[in-house]
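Residue numbers for the first sequence follow my numbering, so the first one is 671 and each next one is one higher. Beta carbons: idealized from backbone N, C-alpha and C, even for Gly.
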Amino acid sequence: METRYNSKDVEARWHKTWAENNSFAPSGKGEPGALHLGHALNDTLQDILVRYRRKTGRDTLWIPGTDHAGIATQAVVEKRLFQDEHKTRHDIGRDALVERIWKWKDEYEARITKQLKSLGVSCDWSRQRFTLDPVCAKAVRHAFFNLFKKGLIYRGKRLVNWDTKLQTAVADDEIYYEHVKGHFWTFKYPLADGSGFIPVSTTRPETIMGDTALAVHPNDERYAQFIGKMLKVPFVDREIPVIADAILVDKDFGTGSVKVTPAHDPNDYATGLRHKLPMINIMNDDGSLNENAGKFQGLKGQAARDAVVAGLEELGLLIKVEDHEMDVGHSDRSKTVIEPYLSDQWFVKMDVLAENAMNAVKSGEIKIIPERYANKYLDWLAEKRDWCISRQLWWGHRIPIWHTDASEDELKAAFAGRDDIYFYKAENGGYLVCSQEEDLKEDAIPGRVLKQEEDVLDTWFSSGLWPHSTMGWPENTDTLKRYYPTSVLVTSRDIITLNMGTVPFHTVYIHPKILDGNGQTMSKSKGNGVDPMDIEEKYGTDALRFVMASLCTDNQDVRLPVKKEKQPDGREINTSEKFEIGRNFSNKLWNACRFLYPQLEQAGALAAELPMDKSLFALEDKWILSRLQTTIKDATRMLEEYHFAELAGFLYRFVWDDVCSSYHRRKEERHGYSQLRAEERARLAPPGDAVHYRRAQQHFVPGQRNGDQPRMAQGRRIAHRREDRSRIRPGIRRGGKRAWRAWPLQREPRHQAQRRGERRRCRNRSQCEGLHGYHHRTLGSF
RNA sequence: GGGCGAUUAGCUCAGUUGGUUCAGAGCGUCUGCCUUACAAGCAGAAUGUCAGCGGUUCGAAUCCGUUAUCGCCCACCA
């Protein structure tokens, strides 16, 4: 064996073993693209939990997989299509694009699977799933149908976040804000009767053609006389009222008047609803101004803005232009400005569902760890904002709805006796027909046309169903009966999962976010991201996993100082000195095993034949056994409480201080190992010690059974507590003198110990069995 | 503006009821060792107004109040 732990060699052997045995069985959700450090953290924690449960005799299931990441994936493939062939998705059509995305998906799925496997996660790979698999698609359809039938899904024109490049609605959390320098234009809004004007300021003059009111504060004396009067919208000569609204208007801000554009601003939209104002959409899907914008039709973005401002100036309406800084929402995927946009979308009503989810948290049915996040989650749920589930994409689960202008009688006649079909009247005429199982034919209703909905569902709709769908729901499969509901959702702070119906897990563990040394979020664009694969390459998987676990405190963020480093192959990678601790620990375990192997080999044969007498154990044997007991107990508690960093630290100290610096050291001293050759040492090794070693090692470094390196960074870690330290005092780290001080025995001259020859044997069968039972029980409970 | 978190050694962080070796660990630094499991190691050393101020207490890194700085979330940004 090498004196250093060579992670590459060892890991190569392990992956082979795992592959052949298919020995691991898995809940988890994968992600597209490449693994980043957050995934490594998340998956390490899940793996620790899964291995812990499995080792303590639980029937565990961890299903690996990936979601289809609708927007992200389609955006990537569309971009590629354009770069390679200068074509848009409309050039090749829905089917062809979807086909291309499937191909790309196969690539990234293969990559992510490979990376997950190299992380050593113990999922059941035979059950690997993808959210667009037929079994998942079926679950999605059933879930949608159920909600639809309960009246919890509706379609309507609502203001949504619109990505004008990808031309789809996007979720709030798919938007990032950029602080930009803009302008604040103040202009005259002329009264319709020509008797004067009201000054108004805006950051978005180009939306003026969509104005349907001008709001002032009801208590603002300056404008009291104008309330109820009509104004004339420049360029389009439409008349709009002056209204009073205390919610929208802050009379001390700007001019104290606000132009109201309900179709293009969330607050204006709300105001429009309050005052029942018309909502005039002046934009096309691509963000260009439409026919409602009059002479500005066809202009887009900055050009539209400039033209409108120039127009206002021409009309003599412009009063002043000021600099103004503001946060502007951008789409994560296309990096373009997000427009609030009025469009037909599908929504899930959240009032009842949110109430259920809140109750589940309040009652303790779902436990959120750390607890402080429970309030945040409740606050978030309390808003009960309806969830926009439609996306104008081609990649995803197509909404199982068919539009028709058939009458209710015709529908009833066509679908009589069908409980897999449900329909209701749409907001804007016609009927919406939902089919649970099969796609409907265009001519399913004689004389009428059925047209399938073009939109697909938000990816979250399907990934939120992961615990159900991967286990075969809605069929009542054996897997579902056996494993549902699941135990734990391990997630990052910003991902909030919705549950639709039953409670899918009893615990949500929220792990910290890894930042760089300057407290910055790691990202590709900043170039400060650490690639877990680079760390595996440089320090080994165990090191990576150990450090991931030891970073995982109760904090909201943890910092990982990042430094650039040139590799031998010329590649520059981001790495961190933090990982050295993991590598060093791997090496320590490796060498502890090298110390023990000769003795273990002896013990293997002897233990089977010889009875063992516990009373003949040397003091240090009893001591280390007692240490083992308390560390097992405490480590178990830490696992139960999700204290991963604490756990990693305790096990580190147990192995390094107690086992190596104290116990092994003592063995060396007692038997004068340092003067002997390896073979002789093996011969002298007391079987009692060796049996213990064997048990202990199988326990926390089980790799050694195969004559291989310990897989320590997993979950079977052992630690001691502070109060124990005060009793036995091994808390003092390292060091000869300090380690000795840790001993429960008086130090004695070496020759005395040797003279007494504290070798032990198993003297009788019953005692030996007792010992084995003792070991079994305690080890098994971990 | 509202809520949450953080501030402890040069760096990254522990410190779970206020109390005994509670002022700690790793990394880094300095000194000496290639001692037969481990130089990715071993033996030693230096390093702190526990952010500031005030309070409670026999006793405070720990509890309370307050200020400052940093971060996160939510709302607002016409």
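Supposed close pair residue i, residue j - CB separation, criterion 8 angstroms
i: F814; j: Y1092; result: Incorrect: roughly 11 angstroms between the Cβ atoms, too far for contact.
i: E1250; j: E1242; result: Actually they do not touch by this definition, with Cβ atoms about 19 angstroms apart.
i: L1081; j: V1103; result: 7 angstroms
i: V850; j: M996; result: 7 angstroms
i: L1159; j: V1178; result: 5 angstroms
i: T931; j: D938; result: 5 angstroms
i: K1054; j: Y824; result: Actually they are not in contact, since the Cβ atoms of K1054 and Y824 sit about 15 angstroms apart, beyond 8 angstroms.
i: P1464; j: H1176; result: Past the edges of the chain, shown from 671 to 1452, lies residue 1464, and the structure says nothing about it.
i: A807; j: H1138; result: That belief does not hold up - the Cβ atoms of A807 and H1138 are roughly 13 angstroms apart, past 8 angstroms.
i: G1252; j: F1216; result: 4 angstroms
i: Q925; j: S871; result: Reading off the sequence shown, one finds Thr at residue 925, where the question assumed Gln. That pair is a contact at about 5 angstroms.
i: L1012; j: N951; result: 5 angstroms
Cutoff 6 angstroms; reference residue i; Cβ partners in own chain excluding five residues on either side
i: L1120; result: W1072, T1074, L1110, E1112, A1114
i: V928; result: A885, L918, V919
i: L707; result: I1184, V1200, P1202
i: L705; result: Q785, P1202
Residue i classed as buried or exposed, judged by whether at least 16 other C-beta atoms fall within 10 angstroms
i: W832; result: buried
i: N1188; result: exposed
i: G826; result: exposed
i: V886; result: buried
i: Y846; result: exposed
i: A1086; result: exposed
i: W772; result: exposed
i: N1146; result: exposed
i: A883; result: buried
i: H709; result: buried
i: R1042; result: exposed
i: V760; result: Val is not the amino acid found at residue 760; the sequence shown has His there. Classification for H760: exposed.
i: E848; result: exposed
i: D907; result: exposed
i: K820; result: exposed
i: L1063; result: buried
i: K946; result: exposed
Terminal residues of the alpha helix (DSSP H) in which residue i lies
i: V906; result: From DSSP, V906 is part of no alpha helix (DSSP H); its letter is neither H nor E.
i: S1004; result: Here S1004 belongs to no alpha helix (DSSP H), and DSSP marks it neither H nor E.
i: G942; result: 936-945
i: A1052; result: 1042-1052
i: G852; result: Note, G852: premise wrong, no alpha helix (DSSP H); beta strand (DSSP E) at 845-860.
i: P804; result: 804-819
i: H709; result: 707-725
i: L1081; result: 1078-1084
i: D976; result: 971-984
i: V1031; result: 1021-1032
i: R1068; result: Premise fails: R1068 is in no alpha helix (DSSP H) and is neither H nor E.
Boundaries of the beta strand (DSSP E) in which residue i is found, first to last residue
i: K1095; result: 1091-1095
i: Y1101; result: 1101-1105
i: G826; result: 823-833
i: Q1015; result: 1008-1018
i: A839; result: 838-840
i: K929; result: 927-930
i: K1183; result: 1183-1186
i: A883; result: 883-886
7 angstroms CB neighbourhood of residue i in its chain, flanking five on each side removed
i: K1407; result: At K1407, the pLDDT of 32 sits below 50, so the modelled position is not reliable and the matter cannot be decided from this model.
i: N676; result: none
i: S1220; result: A1315, A1318, G1319
i: L982; result: F857, P875, P904, L988
i: D1002; result: E844, I845, Y846
i: Y1333; result: E1290, I1294
i: D812; result: Correcting the residue identity first, residue 812 is His in this sequence and not Asp. Excluding sequence neighbours, H812 sits near Q1106, P1144.
Residues of its chain near residue i, where Cβ-Cβ distance is below 8 angstroms and the 5 sequence neighbours each way are ignored
i: H738; result: P702, K775, F800, T801, L802, W1065, G1066, T1129, S1132
i: L1185; result: T1191, M1192, D1227, V1228, R1229, L1230
message = As an exercise, report each continuous beta strand (DSSP E) stretch of at least 3 residues that is fully enclosed by the segment 1201-1272, in chain order.
response = 1227-1230, 1233-1236, 1242-1245
inquiry  = For a minimum of 4 consecutive residues, which ranges assigned as the alpha helix (DSSP H) are wholly contained in the segment 737-771?
reply    = 740-755
request  = Just list the alpha helix (DSSP H) runs in the segment 1308-1339, keeping only unbroken ones of 4 residues or longer that don't cross its boundaries, in chain order.
outcome  = 1314-1323
query = Hey, which unbroken runs of the beta strand (DSSP E) at 3 residues or more fall wholly within the segment 1116-1166?
reply = 1156-1162
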